[in-house]
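A.B. asks: Using UniProt numbering, you'd call the opening residue of the sequence shown number 1 and step up by one each time.
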Amino acid sequence: MSERTIALVTGANKGIGYEIAAGLGALGWSVGVGARDEGRRQTAVEKLRAAGVDAFGVPLDVTDDASVATAAALFEQRAGRLDVLVNNAGVIGGRPQEPTTVDPETVRTAVETNVIGVIRVTNAMLPLLRRSPSPRIVNMSSAVGSLTRQTGPAAELATGPLSAAYAPSKTFLNAVTIQYAKELRGTNILINAGCPGYTATDLNGFRGVRTPEQGAAIAIRLATLPDDGPTGGFFEDAGVVPW
Ligand SMILES: NC(=O)c1ccc[n+]([C@@H]2O[C@H](COP(=O)([O-])OP(=O)(O)OC[C@H]3O[C@@H](n4cnc5c(N)ncnc54)[C@H](OP(=O)(O)O)[C@@H]3O)[C@@H](O)[C@H]2O)c1
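(1) Taking 7 angstroms as the cut-off, does the CB of Thr63 come closer than this to any heavy atom belonging to ligand 1?
(2) With C-beta atoms as the reference, is Gly93 less than 8 angstroms away from Thr109?
(3) Does Pro153 pass the burial test, meaning 16 or more other C-beta atoms within 10 Å, or should it be called exposed?
(4) Where do the N-terminal and C-terminal ends of the beta strand (DSSP E) with Val33 fall, by residue?
(5) DSSP state of Asn192, grouped into three classes?
(6) Compute the Euclidean distance between the alpha carbons of Thr43 and Ile119, then round it to the nearest angstrom.
(7) Considering only heavy atoms of ligand 1, does any lie closer than 7 angstroms to the CB of Ser142?
(8) For Ala219 and Ser134, I'd like the C-alpha separation in whole angstroms.
(9) With a cut-off of 8 angstroms on the beta carbons, I'd call Thr10 and Asp83 a contact; round off their distance for me.
(10) Could you give the C-beta distance for Ala165 and Thr211, rounded to a whole number, given that I count them as a contact under 8 angstroms?
(11) Return the chain-ordered ranges of every beta strand (DSSP E) run that is complete within the stretch 116 to 142 and spans a minimum of 3 residues.
(12) If I follow the unbroken alpha helix (DSSP H) through Thr151, where does it start and stop?
(13) By Cβ distance below 8 angstroms, which residues in the same chain neighbour Ala124 in space, the five residues on each side in sequence not counted?
(14) Can you tell me which of Ala21, Asp64, Ala7 puts its alpha carbon nearest to the alpha carbon of Gln214?
(15) Rounding to the nearest angstrom, what Cα-Cα distance links Pro196 and Pro127 in this structure?
(16) Taking the alpha helix (DSSP H) that Pro104 belongs to, which residues open and close that run?
(17) Following a CB-centred definition, is Pro196 positioned closer than 7 angstroms to any heavy atom of ligand 1?
(18) Beta strand (DSSP E) containing Pro161: first to last residue?
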């Protein structure tokens, strides 16, 4: 088996996911660029390789069982294991998202990718992660999924627009992260949720105030936790995010 740490970043063809792949690659890791579109995937892999990253393309649609199974088989063949999984792929789900007028399909889309997609990919990759000496799983969540911040004092109520799909999907993802941590306690697998902060990407029409590189920092930190690091937590650059 290769000595080089091997990671998979989902939704790595652009935005924060691309910068997570670049950041992990800069550590000398071998990085699988999970992306559903062949052209966008190849462009990202080429760009990463040009920057010196040991990147390889992983065809991956997190909403598709067969695609995820094929991605797991690719890691099985390439390394026989997976050290780090970053579940970064995410969607808004559609608009509008005001609760009283939201199309249920919008909710379904957000949950299908942001929650069920994470479960699907994680469970497919777990047999490979279990073969790693120090497996890490990072779920890219958002502070808009923090119920505490959503119900906090006026300043904190500004956390994101009204959202009956995207924000609750991240709350759901946080809850699922806790359940994984409970089941995996006693193993060497650390699983945590991270919030990148409001980052300028396609997801928000580039209105975010942080760069994708800044947004990637928390995932890189959680991907490189020491063996005695936390599990079942929710973190941003400044520290713990309240549930
Ligand atoms: N930007 C922010 O301010 C912010 C704040 C908090 C949390 N986050 C979270 O950070 C993560 C990355 O977001 P981003 O801002 O970088 O957004 P982005 O630029 O829109 O990138 C999203 C990535 O997810 C991929 N993706 C979507 N659905 C997928 C699917 N079914 N299968 C595989 N890949 C899929 C996209 O691929 P395509 O190119 O094929 O669409 C793209 O690579 C998301 O989980 C998001 O919720 C972002």
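Every residue gets a Cβ at the ideal spot worked out from N, C-alpha and C, and that includes glycine.
Just so it is clear, the structure is predicted and the values come from calculations on it, not from any experiment.
C.D. replies: In this structure, then:
(1) yes
(2) yes
(3) exposed
(4) 30 to 35
(5) strand
(6) 27 angstroms
(7) yes
(8) 16 angstroms
(9) Actually they do not touch by this definition, with Cβ atoms about 15 angstroms apart.
(10) With 8 angstroms as the limit, Ala165 and Thr211 do not qualify as a contact, their Cβ atoms being about 26 angstroms apart.
(11) 136 to 140
(12) Here Thr151 belongs to no alpha helix (DSSP H), and DSSP marks it neither H nor E.
(13) Val68, Ala69, Ala71, Ala72
(14) Ala21
(15) 28 angstroms
(16) 104 to 111
(17) yes
(18) Pro161 -> no beta strand (DSSP E), and no H or E assigned at all.
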